[in-house]
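Sequences listed follow chains A and B, in order. Numbered per our numbering, the first sequence spans residues 24 to 309. Numbered per our numbering, the second sequence spans residues 519 to 820. All remarks here apply to the structure that follows.
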Amino acid sequence: MNWLRNPWSRPRVLALVTWLYILWSIVPVIIAIQFSFNAGRSRSAWQGFSLRWYTGDPDLSVLHNAALREAMGQSLKLAVLTMLIATPIGVALALGLARWRGPGAKASNFLMLFPLVTPEIVMGVALFLVFVYLFKFIDLGTEAQLLGHITFSISYVVIVVRGRLFTIGREFEEAALDLGASPVQALRLVLLPMLAPAIFASLMIVFAISIDDFVISAFLQGGAESTTVPVLLYSTARNAPTPNLNAIATLLLVFSMLAIGIAISLQRRGGRGKGEAVESFARLEI
Amino acid sequence: MKPGGMRLPRGFWRLFALPGVLWLVAFFVVPFYAIAAVAMGRLDPLFGTSAPVWNPIEWDTTILTDVLSDIAGGGIFQTVFFRTCLYVVIAVAMCLLIGYPVAYYIARHGGRLKVLLLLLVIAPFWINYLMRMLAWINVLQDDGYVNRILMFVGLLDAPRSWLDGQPSTVVLGLVYGYIPFLILPLYAALDRIDQRLIEAARDLGASSWRAFTKVTLPLSKQGILAGSVIITLPMFGDYYTPDLLSQSPRTSMFGNQIDFFIHSGTGEATGATLALVLSGFVSLLMIYYLVSVARSSREASS
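Structure follows, in structure tokens:
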């Protein structure tokens, strides 16, 4: 009855539950990664280590199979373009929403939150129908997918950048203005440098959510050439029983982990300790 | 104008918000309107394909009333809708049962390991959802690790086909897929609780269980609610989890119906109507959540 004498001692049962949960959440993924290195064709029986499904196999490896290679290319292309377009729009929107007082400000703020709570399938259907029936000049495929990805990414950028804006406050830009800076100078020389870590973190987060997206990419897919890696995983996970799927999924994982690692370390550079960066990152997703 | 200082020109900040707002109007509001225009549009008499009607005065609600009366009156959509609700309720309850102790442990007793634990809990966020399902497809195959382990310890005599239309597999898939999104808001809520309140309860003679049920649990109610809403919304629109883990119409969810009708060529109007019904239902959940948040913050301030 140790816990009766010292109620703040570590509860063993809770610790056990927590570590079991973490094992349960991560071990299947580790097994999937393990099988991407399988020498045989099985995704459930280990037959030795090889790079066959990454580079070795002349037909089916990620390097040599046209379908897999093109899917990886499409995913990366969409993620990079989305990151480059959605981030500036989102940063500007965050600045506007944080500082703009007046009619329309509240409604715009509300509008920005909607994409975050709309089930993705509803957004997918909506964008699909609008490109088929109204914006007919935009074909389904890469263009439509890019527009869709930017649409759901903007709100994330706003959330990240606005969090930083609140901690900065308005004093700095007001001081700059009082000292004779023009509004554009105040923005360029004072506010933007202070926002830099949040802006770079946004770039990385947008890259990661774009490369991970499945629903919007699937609904706005034009043909085989606009298949992304998640769409490929969805359509072949049950019918293509070789570990090359595990290999391409592992590559996708490497890309999004890299992006997130960079984002967290940038938050750290933004004047926060390591633990604080991770914690604020944990909160940011809410 | 203040002496020596510039003031911001009128509408300076509004100008910044403009591109984003216009973007969201063009690619979020208008597309949403397109769902309504297709759902309540006309059908081509010859081919049965959809023709959207953009003028709301000419909207035809036949399909919408059909779908709603089907849901109310025991049709196929009712079966699917009830099944979806059942799966979601069980999955959310299981997420809470597993997630609450985890979030509680990290927030209260994480200690030196707090950052590591948080990193491990965040990790699944950034592992592609479909890869996480693929991982389970690997281990749940007939000759996969799960069957081999269960047969080794004697719980199974023969391999069980997990991926063959088993509702339990789909529900476990949903739990596995969405639980990280619940743990983080729970963690945030539990971490915010002032430790001194719990110490005060203990000093006043409450047992640790009583301190938990009378102090910690009520103070984390908002986190429980927020986390549940955050995972409920996407679960209602999920179609890929049952597609990947079961492939059987026996476990078809509401999202599967939408996906099917939208891609069926002639069923776009029905698909759009189902999407409209889903958004209506999800909005009701959101409104309930916002009202309860407003009520409890009023209670807290009074």
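Think of the CB as a built atom: it goes at the ideal place given N, C-alpha and C, for glycine as much as any other residue.
Notebook entry, point to check: Can you list the residues of chain A that B:F599 reaches, using a CB-CB cut of under 7 Å?
Noted result: The contacting residues do not exist; B:F599 stays about 14 Å from chain A at best.
Practice prompt. Keeping to the same chain, check which residues put their C-beta closer than 6 Å to that of A:I353; ignore five residues upstream and five downstream.
Written response: Here chain A comprises residues numbered 24 to 309, so residue 353 of chain A is not present and cannot be evaluated.
**Request:** Taking C-beta pairs closer than 7 Å, name the residues in chain B that A:W76 reaches, listed in chain order.
**Result:** Those within 7 Å of A:W76 in chain B number zero; the least Cβ separation is about 13 Å.
- Query: Shorter than 9 Å from the beta carbon of A:M146 to some beta carbon of chain B?
  - Reply: By this cut-off, A:M146 is an interface position.
B:A729 and B:I711 look like a contact to me (Cβ under 8 Å); what is the Cβ gap, rounded to whole Å?
11 Å between Cβ atoms; not a contact.
- Message: For B:Y551 and A:F151, what's the separation of their Cα atoms in angstroms?
- Response: Cα to Cα, B:Y551 sits roughly 12 Å from A:F151.
Using alpha carbons as the reference points, say which of B:Y694, B:F670, B:G662 lies closest to B:L648.
-> It is B:Y694 whose Cα lies nearest to the Cα of B:L648.
Pairs of beta-carbons, one from the segment 176-185 of chain A and one from the segment 108-116 of chain A, closer than 8 Å: are there three or more? A contact exists between the segment 176-185 of chain A and the segment 108-116 of chain A.
TODO: Identify whether A:N267 lies in helix, strand or coil by the three-state DSSP scheme.
DONE: A:N267: helix per DSSP, three-state reduction.
Rounding to the nearest angstrom, what Cα-Cα distance links B:D660 and A:I53 in this structure? Rounded to whole angstroms, B:D660 to A:I53 spans 19 Å at the Cα level.
Practice item. Identify each residue in the segment 29-62 of chain A for which the Cβ-Cβ distance to at least one residue of chain B is less than 7 Å, and report them in chain order. Key: For the segment 29-62 of chain A, which is checked against every Cβ of chain B, the residues closer than 7 Å are P30, R33, P34, L37, A38, V40, T41, Y44, I45, S48, I49, P51, V52, I54, A55, F58.
task: Determine, using beta-carbon pairs with one atom in the segment 562-570 of chain B and one in the segment 184-200 of chain A, whether at least three such pairs fall under 8 Å.
output: The segment 562-570 of chain B makes no contact with the segment 184-200 of chain A; the number of CB pairs closer than 8 Å stays below 3.
For a quick check, are the C-beta atoms of B:R601 and B:T769 less than 9 Å apart?
Cβ atoms of B:R601 and B:T769: closer than 9 Å.
As assigned by DSSP and simplified to three states, the class of B:A569
In the structure shown, B:A569 falls within a strand segment according to DSSP collapsed to helix, strand and coil.
query: In three-state DSSP terms, what is A:L169?
result: The answer is helix: DSSP assigns A:L169 an H, G or I state.
Would you say B:P570 reaches chain A, if we count a Cβ-Cβ gap shorter than 9 Å as a contact? Interface residue, yes.
Output, in chain order, the set of chain A residues within a Cβ distance shorter than 7 Å of B:R532. Contact note: B:R532 reaches chain A through G119, W123, G125, using a C-beta cutoff of 7 Å and chain order.
* To do: With a threshold of 16 other CB atoms inside 10 Å of the CB of B:K520, please say whether the residue is buried or exposed.
  => Annotation note: pLDDT 44 at B:K520 (below 50); position unreliable, coordinate value reported separately. Answer is exposed; the Cβ neighbour count stays below 16.
In the structure shown, what three-state DSSP assignment does B:R560 receive? Strand, per DSSP.
Between the segment 87-107 of chain A and the segment 255-268 of chain A, do three or more beta carbon pairs fall short of 8 Å? Yes, the segment 87-107 of chain A is in contact with the segment 255-268 of chain A.
Answer yes or no: do A:A241 and A:I173 have a C-beta to C-beta separation smaller than 9 Å?
No, Cβ-Cβ distance for A:A241 and A:I173 is not below 9 Å.
Open item on the list: On the criterion of 16 or more Cβ atoms from any shown chain inside 10 Å, does A:W123 qualify as buried, or is it exposed?
Closed with: Classification of A:W123: buried, given that the 10 Å Cβ count is 16 or more.
Where the alpha helix (DSSP H) containing B:G538 begins and where it ends:
Element bounds for B:G538: 530-542.
Q: Please work out which residues of its chain come closer than 8 Å, Cβ to Cβ, to B:V657, disregarding the five sequence neighbours upstream and downstream, and give them in chain order.
A: Apart from sequence neighbours up to five positions away, the residues of its chain that approach B:V657 with a beta-carbon distance below 8 Å are Y663, V664, ordered along the chain.
>> To be precise: take each residue of the segment 531-552 of chain B, compare its Cβ to all Cβ atoms of chain A, and keep it if any distance is under 9 Å. Which residues remain?
In response: The residues in question are W531, R532, L533, F534, A535, L536, P537, G538, V539, W541, L542, V543, A544, F545, F546, V547, V548, P549, F550, Y551, A552.
Buried or exposed: which applies to B:I805, given that a residue is buried once 16 or more other Cβ atoms fall within 10 Å of its Cβ? With fewer than 16 other Cβ atoms within 10 Å, it is exposed.
Inset, instruction - Starting from the C-beta of B:T580, find all residues in its chain whose C-beta is less than 6 Å away, skip the five residues before and the five after it, and write them out in chain order. - result: Counting only Cβ-Cβ distances below 6 Å, and skipping sequence neighbours, we find nothing.
Original post:
So, B:Y757 versus B:V689, is the Cβ gap smaller than 9 Å?
Top reply: Cβ distance not < 9 Å, so B:Y757 and B:V689 don't count as in contact.
request  = Starting from the N-terminal side, write out each stretch of the beta strand (DSSP E) that is 3 residues or longer and does not extend beyond the segment 756-806 of chain B.
outcome  = You should have found no qualifying run.
Taking Cβ-Cβ distances shorter than 7 Å, what residues in chain B pair up with A:E143? Neighbourhood of A:E143 in chain B, by CB distance below 7 Å: P752, G755, in chain order.
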